[in-house]
Amino acid sequence: MSKLYPGISETFVKKYHSNIAISYHHKTTIDCNMYCKIKIEDNIIILEVYCDSSIGSNKELSILFKASNSKVLIALIQNHLDVISRLSSKHALYIGSELIKAEIAQLMKQDYIQN
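84 is the number that the UniProt record's numbering gives to position 84 of the sequence shown; each next residue is one higher, with no gaps.
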């Protein structure tokens, strides 16, 4: 695991470092219901991961993934053990399909609206 990006292998970071950006907000909860928002800003696809706090019902932005294409974002998610371990198969497939739609919208210079 790398010091700069905990939870992501050092090899992956060395290979994709110039194409990725990850922000960690103060805490990720251990037990949470997760939901994701996908958007495009400045030709970058952004995946925001929100968790329900185990203490209250507030949803907090836990992890922010940014990449220029869906392939890199999917690789980032796959290498982030904390996120991948909490995703159901159905939710993972949904996120993958939405990332592909976002990339198509990005390439076609169209607005993307998450379904």
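Glycine included, every Cβ here is placed at the ideal spot set by N, Cα and C.
All values derive from a computational prediction rather than experimental measurement.
Backbone secondary structure at residue i - three-state DSSP
i: S89; result: helix
i: I113; result: coil
i: S97; result: helix
i: S68; result: coil
Residue(s) in a DSSP beta bridge with residue i
i: V49; result: C36, I63
i: D44; result: Correcting the residue type first, residue 44 is Ile in the shown sequence and not Asp. The partner list for I44 (beta bridge, DSSP) reads E41.
For residue j and residue i, the rounded distance between their alpha carbons
i: A67; j: N33; result: 24 Å
i: L87; j: K109; result: 30 Å
i: N43; j: D82; result: 27 Å
i: K101; j: F65; result: 17 Å
i: E41; j: Y35; result: 19 Å
i: I104; j: I38; result: 13 Å
i: S89; j: A75; result: 16 Å
Best match in the options for proximity to residue i [C-alpha to C-alpha]
i: L99; options: I113, I84, R86, L81; result: I113
i: L93; options: I77, C51, I104, F65; result: I77
i: I95; options: C51, L73, Q106; result: L73
i: L107; options: N69, I46, E48; result: N69
i: H80; options: V49, E60, S97; result: V49
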